[in-house]
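A.B. asks: Read left to right, the sequence shown gives residues 8 to 100 (this note's numbering). What follows is a single structure, and I will ask about it in a moment.
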Amino acid sequence: MQIRLFDLDHKREVVVEIDGKAHVVDLIQKLRDVGVIRPNETAMIGVPIDEKRIAYVPAVNLEQLVAYANQRKTVVAFRRYPIHGYVPQHQQR
C-alpha cells in the first residue's frame, strides 16, 4: 500500500510504498532506508494535535493507523527525534 505521511518538522508530505500489515517500526525503518530520516534519528508516528505536537496512536499495523486517521478526518504524521549516544555500525571501532 502507498501511505502518505505529513512531516511536521519540514512541513511537507512524504509518500512511502509499504505493506499494510507492516508494523509502525517497519515504517520508521523504511523512512530511514529512503533517506527521509537520518540513521541517528527516530520518528514518532501518529495524528497531529497541532502544527508541532503529535498524538501517538497504538495500532498493530499500518492499515489500522490509516483507518484511525481516516475516521478522525485527519492525516498520518510524524516528527523526528534524535537518538542520543547512537554511533552507526560503520563508525564503530
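Heads up, the beta-carbon is just placed ideally off N, CA and C, and yes, glycines get one too. Treat the numbers as computed from the prediction; the structure is a model and nothing was measured.
Would DSSP call Leu12 helix, strand or coil?
C.D. replies: Strand, per DSSP.
A.B. asks: Taking only the alpha-carbon atoms, compute the straight-line gap between Met8 and Gly27 and give it to the nearest angstrom.
C.D. replies: Looking at the two C-alpha atoms, the distance is approximately 6 angstroms.
A.B. asks: Let me check understanding here. Comparing Cα to Cα, which of Gly42, Val32, Glu58 lies closest to Thr81?
C.D. replies: Of Gly42, Val32, Glu58, the residue nearest in Cα terms is Glu58.
A.B. asks: Who are the near neighbours of Ala62 in its chain, counting only those whose CB is closer than 6 angstroms to its CB and skipping five residues on each side?
C.D. replies: So the qualifying residues of the chain are Gly53, Val54, Ile56.
A.B. asks: To the nearest angstrom, report how far apart Ile35 and Ala50 are at their CA atoms.
C.D. replies: If I take the Cα positions, the gap works out to 6 angstroms.
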